[in-house]
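The next block holds one structure in the form of structure tokens; read it before the comments.
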Amino acid sequence: MELSQLGRVLVLAGAAVLFLGLLLVVADRVPLVGRLPGDITLRGNGWTLYAPLATSIVLSVLLTVVLSLVAWVRR
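Quick look at the structure:
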């Protein structure tokens with residue numbers, strides 16, 4: 658791999674990390690994230706199990722659409 662290609666990969670990886678960081682900051686302000694019907698929270702004596710099933714499905718669909726659009730635009 659040439660250095661210019663490695664540089665591009667590192668820039669893209671940095672942009673992806675920046676995007677994910679911004680997404681996590683904004684996700685706290687969106688009231689539905691983590692509280693959708695289908696997200697499971699079990700609480701017991703001294704333990705909590707949280708399984709965000711519906712949120713994971715919604716995020717997966719959104720990410721699939723975004724990545725498909727990016728791939729379509731790059732053609």
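Counting from 1, position 63 in the sequence shown corresponds to residue 720 in this note's numbering; the numbering is continuous, with no gaps. For glycine and all other residues, C-beta sits at the position ideal for the given N, C-alpha and C.
Using CA atoms only, rank isn't needed, just tell me which of the options is closest to residue i.
i    : options                : result
L710 : W704, G703, V718       : V718
L681 : L716, V727, L724       : L716
G691 : G701, A728, L706       : L706
L689 : S713, G678, W729, L663 : S713
F676 : L720, R732, E659       : L720
Could you give the C-beta distance for residue i and residue j, rounded to a whole number, given that I count them as a contact under 8 angstroms?
i    : j    : result
I697 : A684 : No, I697 and A684 are not in contact; Cβ-Cβ is about 18 angstroms, not under 8 angstroms.
If you draw a straight line from the alpha carbon of residue i to that of residue j, how long is it in whole angstroms?
i    : j    : result
S725 : L667 : 22 angstroms
G678 : G703 : 30 angstroms
Give every residue of the same chain whose Cβ lies closer than 6 angstroms to the Cβ of residue i, excluding the five residues on either side of it in the sequence, and list them in chain order.
i    : result
G695 : L710, A711
L699 : L706
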